[in-house]
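For reference, the structure is listed below as structure tokens.
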Amino acid sequence: MAARVQQQLEDMVPELRKLKELQLFNEDEVRDIVKHRRKYEYMVISTDPVFSRNSYKEYISYELELDRLLQGRLRKAQKLSKNSSVSMNVESDRGSVPIRVVVRRRIHRIFKRCLTRFVTAIDLWKEYCAFCYRIKAFGVMNRAIMAALAKNPTCEPLWKIAAKYTLTLKGSIAAKNVVQMALRANPRSLALFILLLEQEVHSTHQVFQYSQDPDTKDHTVVDQVELSAKTWSIIVSHAINALQGGDVFKMLFFAAALCARVQQLTLFAKELKDYGEFAAMVFNEMFNSRHKHPLLGLYVWQHRLLESLLMQKHEGTEAVPSPSKVFSAIMEDCKCNHAMMPIVSQFINTVVSSEINNVGKQEHVNSESLWMVDVEGSLMSPSNKVEDNTGTSFQICEDPEDDMDKYCENIECLKDICFLRQISPDFDQKNQACPYTRGMLNRRSLLKLKEVYSEFISEKLSNTIRSITAAADTMRGEELHAALHSNTDELVEFLMQQIAVPGAFIYNINAYRLALQLVKRLSDGPRKAFTDVVKHSMLCSIGNPELSEIERNKMVSLLLRSDHFSIDTKLEVTQKSFVNLTQQQLLSAVGSAVHSIADDTSMLEVVLSLMSASYAVLVEDFIKESEVVHRIFAAMLRRMPALFEALQNYRGNRLTLRNFSLLSVVASFWQVYCTMEKLNSEIKQAGCSEFLNDNCEAASQAYASVARKVVDLCENALEASAHVSITDNVKKAQFMNRCWNQYLKCAKDLEQLDLLLPIFNLHTFNISSDSIAARAFAQLGKNFVVNSN
Numbered sequence: 001m002a003a004r005v006q007q008q009l010e011d012m013v014p015e016l017r018k019l020k021e022l023q024l025f026n027e028d029e030v031r032d033i034v035k036h037r038r039k040y041e042y043m044v045i046s047t048d049p050v051f052s053r054n055s056y057k058e059y060i061s062y063e064l065e066l067d068r069l070l071q072g073r074l075r076k077a078q079k080l081s082k083n084s085s086v087s088m089n090v091e092s093d094r095g096s097v098p099i100r101v102v103v104r105r106r107i108h109r110i111f112k113r114c115l116t117r118f119v120t121a122i123d124l125w126k127e128y129c130a131f132c133y134r135i136k137a138f139g140v141m142n143r144a145i146m147a148a149l150a151k152n153p154t155c156e157p158l159w160k161i162a163a164k165y166t167l168t169l170k171g172s173i174a175a176k177n178v179v180q181m182a183l184r185a186n187p188r189s190l191a192l193f194i195l196l197l198e199q200e201v202h203s204t205h206q207v208f209q210y211s212q213d214p215d216t217k218d219h220t221v222v223d224q225v226e227l228s229a230k231t232w233s234i235i236v237s238h239a240i241n242a243l244q245g246g247d248v249f250k251m252l253f254f255a256a257a258l259c260a261r262v263q264q265l266t267l268f269a270k271e272l273k274d275y276g277e278f279a280a281m282v283f284n285e286m287f288n289s290r291h292k293h294p295l296l297g298l299y300v301w302q303h304r305l306l307e308s309l310l311m312q313k314h315e316g317t318e319a320v321p322s323p324s325k326v327f328s329a330i331m332e333d334c335k336c337n338h339a340m341m342p343i344v345s346q347f348i349n350t351v352v353s354s355e356i357n358n359v360g361k362q363e364h365v366n367s368e369s370l371w372m373v374d375v376e377g378s379l380m381s382p383s384n385k386v387e388d389n390t391g392t393s394f395q396i397c398e399d400p401e402d403d404m405d406k407y408c409e410n411i412e413c414l415k416d417i418c419f420l421r422q423i424s425p426d427f428d429q430k431n432q433a434c435p436y437t438r439g440m441l442n443r444r445s446l447l448k449l450k451e452v453y454s455e456f457i458s459e460k461l462s463n464t465i466r467s468i469t470a471a472a473d474t475m476r477g478e479e480l481h482a483a484l485h486s487n488t489d490e491l492v493e494f495l496m497q498q499i500a501v502p503g504a505f506i507y508n509i510n511a512y513r514l515a516l517q518l519v520k521r522l523s524d525g526p527r528k529a530f531t532d533v534v535k536h537s538m539l540c541s542i543g544n545p546e547l548s549e550i551e552r553n554k555m556v557s558l559l560l561r562s563d564h565f566s567i568d569t570k571l572e573v574t575q576k577s578f579v580n581l582t583q584q585q586l587l588s589a590v591g592s593a594v595h596s597i598a599d600d601t602s603m604l605e606v607v608l609s610l611m612s613a614s615y616a617v618l619v620e621d622f623i624k625e626s627e628v629v630h631r632i633f634a635a636m637l638r639r640m641p642a643l644f645e646a647l648q649n650y651r652g653n654r655l656t657l658r659n660f661s662l663l664s665v666v667a668s669f670w671q672v673y674c675t676m677e678k679l680n681s682e683i684k685q686a687g688c689s690e691f692l693n694d695n696c697e698a699a700s701q702a703y704a705s706v707a708r709k710v711v712d713l714c715e716n717a718l719e720a721s722a723h724v725s726i727t728d729n730v731k732k733a734q735f736m737n738r739c740w741n742q743y744l745k746c747a748k749d750l751e752q753l754d755l756l757l758p759i760f761n762l763h764t765f766n767i768s769s770d771s772i773a774a775r776a777f778a779q780l781g782k783n784f785v786v787n788s789n
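For reference, each letter of the sequence shown is one residue, going 1 to 789 in full-length UniProt numbering.
Put into structure tokens, the structure is as follows:
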């Protein structure tokens, strides 16, 4: 190893001697260069591949910085030099080499040594190609790219790099040939199909722009080039046949985005031949794929409905069916294709339940941004995740975006484009960064689109409200249910196909959300009757054993958050339905109960029932830091100051609260936590003076009584913990360990306070931290681990 390093150092002697001779570096700097190179040469030959790779990166960074410094000094020296006879070359075995090239040759050699060892290091290949391009070593760069692809033929980023540099140096035709070669090696690559189609569209648009340029000298050559979208159709057809699963979904939306971009350039669309066939092919493929990907079908139906609504404004237009006929066709399609029902329900519910923002000014269409060829591979903006609030406030209304995710294939912008949710102000930036929807719509267009849809659907809802009111005024119970089931109103029929018991094709949470939107719009009499129908359907759906646990949890959460169901109904659901609410569903439902239930006792009953229905969440939360429990009880405490007394006097039936023991544990330790915090604060604020007067004995008895209650709460919690059923032995041990640690911490805190002021009479309790630790070790053995905090 030392011999190899020494050989590398000896090879650089002529170079360093020349640098010193030309006074580009002084002797100290040369010595420092040798020192660094010797260090890196030893580091890169390490047998540890991770260390060696990182060392190569450091070595390359150092040499690149040295090269930048050398080139700057060399340019300055050449300007100041008056003696033209001074040679700027270094003599070598192969002849005289310019000094500016010597250091760069060293960088090439380091890259080659590194990439010979780490052939799959894509980031290093990219860095090497960027270096070659910067110094205009195009031949070396081409050989490097070919070598990289020979060793990594299925690596999409490398093919994109090759296409990028080929497009820059040799033009679009050569770049398309590179992408076609890439597709032969990666026949199922979505990114490469998108890149090929984007390049084809970009080159077609460039020809169009060249033909429209008045400065073009030879229009005859341009006129001979046919502007056609036929090749686009061939690429999309091949992509659909080659791709699988969600990639087909993304490819079709990308093609739809291309259609939207073309439509924004009227002259280009007019001159483009076969564009109509291309657009028709894309939308037909989207519609035919709606069974696997319902969002594709929703997008096509939205497009047809919008076209009909816009054409309706022109009298005498009969080229397209009326909006009512299109809406009827959507309802009929949902009846035949049940997978469309949830997504159409969610679209209608989102449109009618959200507010319409003010429409901004018209934005200018920039054709350059429309046809940006994405050879680097744009990254989609991360989903806007709502940060968890560590305070005690709750989000009352559950955001149904978790339902959107499964339809959108993790394409965030489709939630805005297809569902028209509350559109964020930075939509245009996010949409421009998304490779599948870039240029499809801007924020202003979405807001206007939402307004158009909202006006039409609101009119449909008004007709539906009148239909339900007419039926509910004369019928109740099963008669009303039967009347609604046979109702001719399209929305009522569509809704009953999803919530009718029996007779529904499918039960889904979006249909119930839409039903509750109708409940809000009904007058008092029909509202109660229709609410009973919805309640009966939800209770039957929740009790349906074929319903998935996730859907059941969502329905329970929706019912608990709604203001239209009685407290008895909510208690019945939480006590008798075997659900396990998620943390988000629990906090959302608790927030709704705290804010909407007027009676404190009823509110306490509902919240405890919700916590009982969140067994898994409570166990995980208690094992950690009890953050969720603290947030829930703190929210109730602000609403109900006598919460401590209510919890102590609460006598829940173990049969009605299936997780009564778990609730007892978390509630008891929460009371212990709050009591100890208050006790510690009071004693530190009072100091010793309060306990040196005549009231010392009375104060001592009062504080001793509080300490006694704290100890009793801990003992009761430990007794209840023995009855908590946890099937996972590891979690069971962690749960019991947490219980004993909570008790041990409480005892230590009491002992510390008693040392400060001996007023607690702890000797009468017959407990100590040592005795508690001994009991814990006797029960848990080696599973008992004392927490440091």
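Just so it is clear, CB atoms sit at the ideal spot from N, CA and C, and this is done for glycine as well.
So residue i and residue j are supposed to be a Cβ contact under 8 Å. How far apart are they, rounded?
i: Leu484; j: Val519; result: Going by Cβ atoms, the distance from Leu484 to Val519 rounds to 13 Å, so no, they are not a contact pair.
i: residue 816; j: Asn783; result: Outside the displayed range of the chain (1 to 789) lies residue 816, so it cannot be described from this structure.
i: Leu514; j: Asn288; result: Contact doesn't hold; Cβ gap of about 27 Å is too wide.
i: Tyr62; j: Tyr42; result: Not really, about 14 Å apart at Cβ, beyond 8 Å.
i: Leu158; j: Ala150; result: At roughly 10 Å, the Cβ-Cβ gap does not stay under 8 Å, so Leu158 and Ala150 are not in contact.
i: Asn337; j: His291; result: 6 Å
i: Ile330; j: Pro294; result: Ile330 to Pro294, Cβ: 12 Å. No contact.
i: Asn659; j: Ser602; result: Not really, about 20 Å apart at Cβ, beyond 8 Å.
Going by C-alpha distance, which of the options is nearest residue i?
i: residue 799; options: Met440, Asn741, Leu420; result: Here the chain comprises residues numbered 1 to 789, so residue 799 is not present and cannot be evaluated.
i: Gln8; options: Thr469, Gln212, Ile45; result: Ile45
i: Tyr56; options: His108, Val13, Arg75, Asn649; result: His108
i: Glu156; options: Ala191, Phe327, Glu459, Phe565; result: Ala191
i: Ala720; options: Ser664, Gln734, Lys709, Leu66; result: Ser664
i: Ile235; options: Ala255, Val344, Ile767, Met331; result: Ala255
i: Gly439; options: Ala598, Asp428, Lys448; result: Asp428
i: Met12; options: Leu547, Ile173, Val103; result: Val103
i: Ala704; options: Leu750, Pro502, Leu637, Pro98; result: Leu750
i: Arg100; options: Arg113, Ala616, Cys114, Gln78; result: Gln78
i: Gln212; options: Asp247, Leu124, Leu755, Leu267; result: Leu267
i: Ile597; options: Met636, His36, Asn649; result: Met636
i: Ile506; options: Leu480, Ser486, His238, Met538; result: Met538
i: Glu677; options: Cys334, Asp712, Asn729, Lys745; result: Lys745
i: Trp125; options: Met146, Ile726, Phe208; result: Met146
i: Leu115; options: Tyr133, Arg106, Ala144, Lys136; result: Ala144
i: Ser424; options: Arg444, Asp728, Asp600; result: Arg444
Residue i and residue j: beta carbons closer than 8 Å?
i: Gln180; j: Met341; result: no
i: Leu243; j: Arg188; result: yes
i: Ser454; j: Val326; result: no
i: Thr437; j: Leu461; result: no
i: Thr569; j: Ser523; result: no
i: Ile759; j: Ser700; result: yes
i: Leu491; j: Ala511; result: no
i: Leu306; j: Leu449; result: yes
i: Ile509; j: Leu558; result: yes
i: Gln263; j: Ala269; result: yes
i: Ser467; j: Leu516; result: no
i: Ala616; j: Leu647; result: no
i: Pro321; j: Leu309; result: no
Which runs of the alpha helix (DSSP H) fall wholly inside the stretch 124-184 and span at least 4 residues, in chain order? 138-151, 156-170
Extract the residue ranges of the alpha helix (DSSP H) inside the stretch 7-38, only unbroken runs of 4 or more that lie entirely within it. 13-21
Quick check: the stretch 662-675 against the stretch 629-645, are there 3 or more CB pairs under 8 Å? yes
Given 8 Å, three or more beta-carbon pairs between the stretch 274-286 and the stretch 226-237: yes
Between the stretch 704-716 and the stretch 636-644, do three or more beta carbon pairs fall short of 8 Å? no
What are the start and end residues of each continuous alpha helix (DSSP H) run of 4 or more residues lying completely inside the stretch 399-453, in chain order? 401-408, 412-417, 427-433
Any chance the stretch 542-549 sits against the stretch 588-602, with 3 or more Cβ pairs inside 8 Å? no
Which full runs of the beta strand (DSSP E) of 3+ residues lie inside the stretch 234-307, going along the chain? none
Which runs of the alpha helix (DSSP H) fall wholly inside the stretch 539-622 and span at least 4 residues, in chain order? 549-561, 567-576, 583-596, 600-612
Where in the stretch 698-743 do unbroken runs of the alpha helix (DSSP H), each at least 4 residues long, occur, reported from the N-terminal end onward? none
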